[in-house]
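Just so you know, the working numbering puts the end of the sequence shown at 315, numbered straight through with nothing missing.
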Amino acid sequence: MQELIECLTYDELEEFIKYSDYAVVDFWAPWCAPCHILHRILQTVAPAFSKINFGRINTQRYPEAAEMYEIYGLPTLLLFRNGQVVDRIVGVVSKNYLVEALNKLIK
209 MQELIECLTY DELEEFIKYS DYAVVDFWAP WCAPCHILHR ILQTVAPAFS KINFGRINTQ
269 RYPEAAEMYE IYGLPTLLLF RNGQVVDRIV GVVSKNYLVE ALNKLIK
């Protein structure tokens, strides 16, 4: 099965956001147990949202990405429309909450 959530490097992050009409970026770290829970939720939801590009960036490896987007807690999802942050979700949320946020993003 193809991975729908692209693993990004710091250098790829800006272009990923810039060239996506809709993007969700998951800021995570390997030691963060809630990050792994949220990733599994994202994997179940992503196939239903083909208009959205999903990416994730490891803040332990790329702390400058967390600093640039003022990420102070993990996991954090940033939702982008046309390159602009339109929503921020901090912590693990339910599948239903995430689906509502993604539907709002593409409306």
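Here a beta-carbon is modelled for each residue, glycine too, at the ideal position from N, C-alpha and C.
Residues in the same chain with beta-carbon distance under 6 Å from residue i, minus the five sequence neighbours each way, listed in chain order, please.
i: F257; result: L310
i: K259; result: Y230, I314
If I measure Cβ to Cβ from residue i and keep anything under 8 Å in the same chain, skipping five residues before and after, which residues do I get?
i: V253; result: K303, L306, V307, L310
i: M209; result: Legend: pLDDT at M209 = 39, less than 50; position of this residue unreliable, value from coordinates given subsequently. Closer than 8 Å at Cβ, skipping near neighbours: no residue.
i: Q251; result: L212, I213
i: P238; result: N266, Q268
Is the distance from the Cβ of residue i to the Cβ of residue j below 7 Å?
i: G291; j: I213; result: no
i: D219; j: L285; result: no
i: L282; j: C243; result: yes
Please state whether DSSP places residue i in a helix, a strand or coil.
i: E220; result: helix
i: N266; result: strand
i: N304; result: helix
i: A231; result: strand
i: E272; result: helix
Decide if the stretch 268 to 281 is in contact with the stretch 300 to 311; the criterion is three or more beta carbon pairs, one per stretch, under 8 Å apart. no
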